[in-house]
Amino acid sequence: MRDVLAARLRVLFCGINPGLYSAATGHHFARPGNRFWPALHAAGFTPRLLHPSEQRLLLKGGYGITNLVNRATATADELAPVEFVSGRRRLAAKIRRHRPASVVFLGVGAYRHAFGRPKVAIGRQPETFEGAEIWVLPNPSGLNANYQLAALARLFRALRKSTALRNRGGGDRSSRRARRLRPDRAD
Numbered sequence: 530m531r532d533v534l535a536a537r538l539r540v541l542f543c544g545i546n547p548g549l550y551s552a553a554t555g556h557h558f559a560r561p562g563n564r565f566w567p568a569l570h571a572a573g574f575t576p577r578l579l580h581p582s583e584q585r586l587l588l589k590g591g592y593g594i595t596n597l598v599n600r601a602t603a604t605a606d607e608l609a610p611v612e613f614v615s616g617r618r619r620l621a622a623k624i625r626r627h628r629p630a631s632v633v634f635l636g637v638g639a640y641r642h643a644f645g646r647p648k649v650a651i652g653r654q655p656e657t658f659e660g661a662e663i664w665v666l667p668n669p670s671g672l673n674a675n676y677q678l679a680a681l682a683r684l685f686r687a688l689r690k691s692t693a694l695r696n697r698g699g700g701d702r703s704s705r706r707a708r709r710l711r712p713d714r715a716d
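What the sequence shown shows, in the numbering used here, is residues 530 to 716, in sequence order.
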């Protein structure tokens with residue numbers, strides 16, 4: 530699955546891994562029941578609801594997409610813990626190269642596994658990763674019944690407002706002083 534990346538993105542969305550449907554189409558979050566694209570639009574990231582095949586249009590707004598693990602599976606439960614650790618290292622290299630302002634992990638469990646954070650909460654994290662602010666949001670997969678579209682949209686909206694404020698030069702700059710997570714080990 531090809532990343533949707535450019536230098537100096539405002540936000541880099543990081544999925545867990547591609548589903549089989551997404552891998553077959555070559556588009557991120559492509560399964561019809563996935564709520565990523567509707568949540569993104571409802572939160573105001575896009576002026577209209579984008580189809581997964583239009584994923585590269587996100588770059589115009591300063592947004593990109595990657596995955597923590599490259600291997601496609603039917604469910605994320607099929608991934609081994611070592612895949613999350615090696616994915617963290619690959620992601621660190623991408624962040625160093627492309628320098629996004631914020632990285633948003635779309636999946637609490639994946640973030641916990643990759644960074645050794647058993648009690649992570651949804652939202653902005655107190656740490657940075659390779660200089661990027663970290664956010665953790667719920668997995669938008671239709672398999673995640675804990676969060677419906679309205680709840681996802683509220684969380685995505687909070688992210689958008691926070692990053693818009695920071696990109697205008699105002700707001701909380703505490704992420705510059707935040708503890709840095711290392712790519713080579715879970716902290």
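Glycine included, each C-beta is placed from N, C-alpha and C at the ideal position.
Note that the structure is predicted; figures quoted are calculated from it, not measured.
Nearest C-alpha to Ala568 among Leu694, Ser691, Arg686, Gly616: Arg686.
A distance below 8 Å separates the beta carbons of Ala601 and Leu549. The distance from the Cβ of Gly593 to that of Leu587 is about 6 Å, consistent with a contact at the 8 Å cut-off. Under the three-state reduction of DSSP output, Gln654 falls in the strand class. The straight-line gap separating the alpha-carbon atoms of Phe658 and Val632 is approximately 8 Å. Judged by DSSP secondary structure, Ala571 falls within the alpha helix (DSSP H) whose first and last residues are 565-571. Residue pairing by DSSP places Phe634 opposite Cys543, Val665 in a beta bridge.
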